[in-house]
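K.L.:
This is the structure, below, for whatever I ask next.
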Amino acid sequence: MTESTGRDAWPEAHEAEVALLGAMLLSPVVIPSVRGSLRTEDFASTTHRRLYGAIVALHDAGEAVEFLTLQAYLVRTGELAAIGGVETLSALLDVPTAANAPAHVRLVQESARLRRLATHGQTLVEAIRTRAGTAEEILAEHLSALMAETYQRSDRGFRRVRSLEVLEAIERRAQGEPDGIPTGFRECDRYTAGFQRGELIVVGAVPKCGKSTFTTQIALQVALGGHGGAAIVSAEMPRRAVLERMLSALAGVPGHRLQRGDLSAPEWRRVLDAQTRLDQAPIWIDDEALPELRDVMQRVLALKAQHPELSLVVVDYLQLVQHRLKGRRGDEEIEAVANGLKRLADRAEVVVVSPAQLNQKPIDARQDKRPLLSDLSGSMGPLKAADFVALLYRPILHEGAAGIDGDRLHVFVDAARRTSTFSFTLDWQATVTRAVESSPWISPDMPLLPTATHPEAA
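Structure follows, in structure tokens:
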């Protein structure tokens with residue numbers, strides 16, 4: 123039973139394949155779970171592929187699966203000689219137990235994945251050797267397949283109900299500890315218990331309302347709070363501008379002072395402290411203008427492979443991400459991008475937060491300037507794809523300074539897949555481009571601290 127697919131030097135789990143086939147004969151009750159985890163081509167040996175196919179065929183036909191019925195089936199299909207005769211079948215009877223079938227499934231899966239990676243590698247080398255395109259084109263064509271192998275998950279499909287993991291999450295929430303990725307804004311985290319990996323959060327706002335600042339701050343608070351790494355795809359602003367905003371928010375130093383270098387000694391100390399914190403934080407920025415969805419997905423998956431701690435990705439902003447499929451225009455393209463970002467969140471097991479532009483005209487035309495879900499560009503696409511849709515509103519932008527008690531940022535979570543809708547309000551500190559929870563302790567000239575270390579929370 124040593125026949126392989128012709129690539130003898132490639133990874134295979136011969137003993138595990140034999141043990142697994144024997145387990146399926148010994149205890150047919152394991153067949154459904156094995157079949158749900160393995161494909162015929164996952165077996166390296168062509169002999170084992172034939173045997174696996176025969177066992178599955180017998181099972182699907184409702185026939186008994188044991189030595190004699192398997193032998194009769196192989197005689198009937200003319201495959202008995204091809205698998206090595208009765209001697210090969212008899213070797214399967216040496217398997218003493220089916221208890222180790224799950225472990226053997228994992229070994230076969232791992233070897234199959236390694237062989238597929240080797241195939242991708244050979245194809246890539248051949249494309250390079252024959253100069254099948256530019257380096258950029260070859261990378262784009264082959265990276266998706268490699269990343270798909272990296273993130274092939276074994277927990278797809280039906281899984282046995284296990285309530286313990288849910289009870290543990292409920293217990294953490296009861297103790298005031300979010301079991302998801304906290305945003306750093308306590309009112310938001312109180313409703314959501316933190317965003318969950320695989321979720322897409324769309325944040326809609328009119329221009330200049332602060333959607334980039336708000337979402338970048340969430341990324342900062344995730345990374346600085348020890349909740350994993352954060353990546354920012356900045357399709358609108360260059361990397362340097364994003365970093366300057368981060369420094370301004372962290373140090374509590376106005377952005378225009380940073381641009382001029384006109385800082386007092388205490389401000390310099392705060393800026394240097396903020397720089398140290400930024401340098402130590404797991405934050406990455408990609409500032410390619412107008413990126414294509416495929417490139418965004420490939421780069422995030424590659425980053426996740428290099429840095430498994432990555433937990434949140436900001437894509438700023440949704441309408442600036444391009445879709446390569448021909449015929450996509452307007453709302454269709456926005457819907458395709460939103461669906462792609464949702465797939466990215468699921469495949470990379472991260473939270474994806476994407477600011478999105480609101481249509482200004484309908485807001486300007488009505489008396490009540492608070493945003494509505496219908497104001498979202500391509501609204502049906504993002505609404506269907508997103509797990510949460512938050513709409514930002516700063517009254518001062520519409521009503522002017524007169525009669526406004528300070529600058530407030532209202533966050534209306536008007537679409538929520540797993541919670542009720544909710545809203546919360548933050549103080550907007552425009553000079554240092556940040557939003558903070560209403561508190562007498564946090565003035566614009568104070569460094570931005572993780573929520574847990576606010577004096578009022580101590």
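The number in this note's numbering is simply the position in the sequence shown, starting from 1, with 122 added. Using N, Cα and C, we set each Cβ at its ideal position, and we do this for glycine too. Only a predicted model underlies this, so the values are computations on that prediction, with no experimental measurement involved.
Going along the chain, which residues of its own chain have a beta-carbon closer than 7 Å to the beta-carbon of Gln-441, five neighbours each way excluded?
P.N.:
Once the five neighbours on either side are set aside, the close Cβ partners of Gln-441 are Ile-456, Ala-478, Gln-479 and Ser-499.
K.L.:
Would you call the CB atoms of Val-443 and Pro-413 closer than 8 Å?
P.N.:
Yes, Cβ-Cβ distance for Val-443 and Pro-413 is below 8 Å.
K.L.:
Please classify Pro-304 as buried or exposed, where buried requires at least 16 neighbouring CB atoms within 10 angstroms.
P.N.:
So Pro-304 counts as buried.
K.L.:
If you measure between the beta carbons of Leu-372 and Arg-391, is that distance less than 8 Å?
P.N.:
No.
K.L.:
So, does the stretch 421-436 touch the stretch 376-394, judging by three or more C-beta pairs under 8 Å?
P.N.:
As far as the Cβ criterion goes, the stretch 421-436 does not touch the stretch 376-394, which means the pair count is below three.
K.L.:
Report the option in Pro-329, Ala-220, Ala-508 and Ala-138 whose CA atom is closest to the CA atom of Phe-165.
P.N.:
Minimum Cα distance to Phe-165 is reached at Ala-138.
K.L.:
When we look at the beta-carbon of Arg-161 and count the other beta-carbons within 10 Å, is it buried (16 or more) or exposed?
P.N.:
Burial call: exposed.
K.L.:
Leaving out the 5 sequence neighbours to the left and right, which residues in its chain are closer than 6 Å to His-532 when beta-carbon positions are compared?
P.N.:
Closer than 6 Å at the Cβ level, and outside the excluded window around His-532, lie Tyr-515 and Thr-547.
K.L.:
Strictly by DSSP, which residues pair up with Thr-547?
P.N.:
Paired residue(s): His-532.
K.L.:
Pull up the DSSP beta-bridge partners for Leu-246, would you.
P.N.:
Partner(s): none; Leu-246 has no beta bridge.
K.L.:
Report the three-state DSSP secondary structure of Gln-343 (helix, strand or coil).
P.N.:
Gln-343 falls in the helix class under three-state DSSP.
K.L.:
Count the other CB atoms, across all protein chains shown, that sit within 10 Å of the CB of Gln-339; report buried if there are 16 or more and exposed otherwise.
P.N.:
Buried, because 16 or more other Cβ atoms sit within 10 Å of the Cβ of Gln-339.
K.L.:
Would you report the Cα separation of Gln-193 and Tyr-174, rounded to the nearest angstrom?
P.N.:
Computed Cα separation, rounded: 13 Å.
K.L.:
Would you mind reading off the limits of the alpha helix (DSSP H) that contains Asp-182?
P.N.:
First-last of the alpha helix (DSSP H) with Asp-182: 168-182.
K.L.:
So, at 8 Å on beta carbons, what are the nonlocal neighbours of Ile-526 in its own chain, with the 5 sequence-adjacent residues on each side left out?
P.N.:
At Ile-526, the pLDDT of 49 sits below 50, so the modelled position is not reliable; the number obtained from the coordinates is stated separately. Excluding positions up to five away in sequence, the list reads Pro-517 and Ile-518.
K.L.:
From which residue to which residue does the beta strand (DSSP E) around Val-436 run?
P.N.:
432-438 is the extent of the beta strand (DSSP E) around Val-436.
K.L.:
Pair every Cβ in the stretch 488-497 with every Cβ in the stretch 460-470, then say whether three or more of these pairs are closer than 8 Å.
P.N.:
They do not touch, by the three-pair rule.
K.L.:
Between which two residues does the beta strand (DSSP E) containing Ser-356 stretch?
P.N.:
Ser-356 -> beta strand (DSSP E) spans 351-356.
K.L.:
Can you tell me whether Glu-559 is buried or exposed, with buried defined as 16 or more other CB within 10 angstroms of its CB?
P.N.:
Buried.
K.L.:
Under the three-state reduction of DSSP, which class applies to Ala-524: helix, strand or coil?
P.N.:
Annotation note: pLDDT 47 at Ala-524 (below 50); position unreliable, coordinate value reported separately. If DSSP states are grouped into helix, strand and coil, Ala-524 belongs with coil.
K.L.:
Classify Leu-322: buried if its beta carbon has 16 or more other beta carbons within 10 angstroms, exposed otherwise.
P.N.:
Its Cβ being crowded by 16 or more others within 10 Å, Leu-322 is buried.
K.L.:
Is Thr-199 buried or exposed, if buried means 16 or more other CB atoms sit within 10 Å of its CB?
P.N.:
Exposed.
K.L.:
On the three-pair Cβ rule with 8 Å, is the stretch 310-322 touching the stretch 534-554?
P.N.:
Touching, yes.
K.L.:
Could you please give me the residues that DSSP links to Glu-559 through a beta bridge?
P.N.:
BP columns for Glu-559 point to Leu-548.
K.L.:
Do you know whose CA, among Val-472, Ala-411, Gly-462 and Leu-190, lies nearest Val-435's CA?
P.N.:
Selected option, being the one with the closest Cα: Val-472.
K.L.:
Could you pull out every residue in the same chain whose Cβ sits closer than 8 Å to the Cβ of Pro-581, ignoring the five residues on either side in sequence?
P.N.:
Limits of the chain in this structure are 123 at one end and 580 at the other, which puts residue 581 out of reach.
K.L.:
Give the DSSP bridge partners of Ser-370, in chain order.
P.N.:
According to DSSP, Ser-370 bridges with nothing at all.
K.L.:
Are Leu-180 and Val-187 closer than 8 Å when you measure CB to CB?
P.N.:
Against a cut-off of 8 Å, the Cβ pair of Val-187 and Leu-180 comes out as a contact.
K.L.:
With C-beta atoms as the reference, is Ser-334 less than 8 Å away from Asp-438?
P.N.:
Cβ distance < 8 Å, so Ser-334 and Asp-438 count as in contact.
K.L.:
Using the C-alpha atoms, what's the distance from Ala-552 back to Gly-459?
P.N.:
The amino acid at residue 459 is misidentified as Gly; the sequence shows Val. Cα-Cα distance, rounded: 31 Å.
K.L.:
Alpha carbon to alpha carbon, how far is Glu-163 from Thr-210?
P.N.:
Each residue's alpha carbon lies about 20 Å from the other.
K.L.:
Rounded to a whole number of angstroms, what is the C-alpha to C-alpha distance between Asp-536 and Arg-530?
P.N.:
Between Asp-536 and Arg-530, the C-alpha separation is close to 18 Å.
K.L.:
Quick one: what does DSSP say Ile-405 is sitting in, helix, strand or coil?
P.N.:
Strand.
K.L.:
As a quick exercise: from Asp-509, Ser-386 and Glu-259, pick the residue whose alpha carbon is nearest that of Arg-416.
P.N.:
When each option's Cα is compared against that of Arg-416, the closest is Glu-259.
K.L.:
Among Trp-550, Ser-149, Asp-549 and Val-511, which one has its Cα closest to the Cα of Phe-534?
P.N.:
Comparing Cα-Cα distances from Phe-534 to each of Trp-550, Ser-149, Asp-549 and Val-511, the minimum goes to Val-511.
K.L.:
Report back the beta-carbon spacing between Ala-145 and Ala-225 to the nearest angstrom; my notes put them in contact at under 8 Å.
P.N.:
Their Cβ separation, rounded to whole angstroms, is 10 Å, which puts Ala-145 and Ala-225 out of contact at 8 Å.
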